[in-house]
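Down below is the structure, laid out as structure tokens.
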């Protein structure tokens with residue numbers, strides 16, 4: 059057995075790229091493929107949260123802004139990019155609030171962040187083609203939202219209340 063292991067080690071030392079190739083094949087064959095999306099609970103200085111009306115969400119058109127994560131992008135980069143693309147807002151991504159899987163998208167994770175808009179940007183919103191409208195609302199007065207977005211707003215309210223104590 060030792061001689062087999064030695065031969066294998068010698069082979070790998072002569073072709074170190076073979077380990078990386080084996081890892082790639084292993085990951086594609088065995089490990090699950092997962093997609094991820096991010097949403098932001100974006101608050102202004104008055105404590106209002108931003109909701110947007112989505113073109114492509116027929117059941118619950120109103121929700122939190124966000125989108126799909128690109129390859130090589132961190133979740134924090136994703137939410138900052140999506141908010142900039144969808145609303146032209148520059149935000150401060152403060153911290154993650156929730157991570158959840160979904161029943162309707164297999165192998166998908168939703169990641170929610172608590173975000174803060176810069177005071178000068180509140181009224182500078184320019185909507186992308188994916189959005190119809192926006193509102194700054196009291197987080198306790200949200201319209202019907204998908205379950206995850208309701209959970210995110212609830213978590214954001216709790217987190218902000220804890221910070222103010």
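Residue numbers (our numbering): 59 to 223.
Ideal Cβ placement from N, Cα and C applies to all residues, glycine included.
Predicted, not measured: the structure shown is a model, and the values here were computed from it.
Inset, instruction - Could you tell me if residue 103 is buried or exposed, where buried requires 16 or more neighbouring beta carbons within 10 angstroms of its beta carbon? - result: The residue is exposed, with fewer than 16 neighbouring Cβ atoms inside 10 Å.
Legend entry - Spatially closest choice to residue 179 from 113, 70, 62 and 101, by CA coordinates: Distances from the alpha-carbon of residue 179 to those of 113, 70, 62 and 101 put 101 closest.
Inset, instruction - Determine, using beta-carbon pairs with one atom in the region 111–131 and one in the region 196–216, whether at least three such pairs fall under 8 Å. - result: Touching, per the Cβ criterion.
Legend entry - Local conformation of residue 191 per DSSP, three classes: Strand, per DSSP.
Legend entry - residue 162 versus 65, 173, 184 and 93, residue with shortest Cα-Cα distance: Comparing Cα-Cα distances from residue 162 to each of 65, 173, 184 and 93, the minimum goes to 93.
Legend entry - Pick from 158, 141 and 80 that is closest to residue 188, judged by C-alpha positions: Closest option to residue 188, Cα to Cα, is 141.
Inset, instruction - Take residue 184 as the anchor and find which of 212, 78 and 123 has the nearest alpha-carbon. - result: Residue 123 holds the alpha-carbon nearest to the alpha-carbon of residue 184 among 212, 78 and 123.
Inset, instruction - Please classify residue 206: does DSSP put it in a helix, a strand, or coil? - result: In the three-state reduction of the DSSP assignment, residue 206 falls in the helix class.
Inset, instruction - Round the Cβ separation of residue 110 and residue 192 to the nearest angstrom and send it over; I've been treating them as touching at under 8 Å. - result: Taking C-beta atoms under 8 Å as the contact rule, residue 110 and residue 192 qualify, at a distance of about 5 Å.
Legend entry - Residues near residue 138 in its chain [Cβ-Cβ closer than 7 Å; skip 5 each side]: Excluding positions up to five away in sequence, the list reads 149 and 151.
Inset, instruction - Apply the 10 Å Cβ neighbour rule to residue 190 and answer buried if 16 or more other Cβ atoms are within range, or exposed otherwise. - result: Classification for residue 190: exposed.
Legend entry - Distance, residue 68 Cα to residue 61 Cα: Cα to Cα, the separation comes out at about 10 Å.
Inset, instruction - Grab the span of the alpha helix (DSSP H) containing residue 108 for me, first residue to last. - result: No alpha helix (DSSP H) contains residue 108, which is instead part of the beta strand (DSSP E) from 107–112.
Inset, instruction - Alpha carbon to alpha carbon, how far is residue 156 from residue 210? Give it in angstroms, no decimals. - result: C-alpha separation (whole angstroms): 7 Å.
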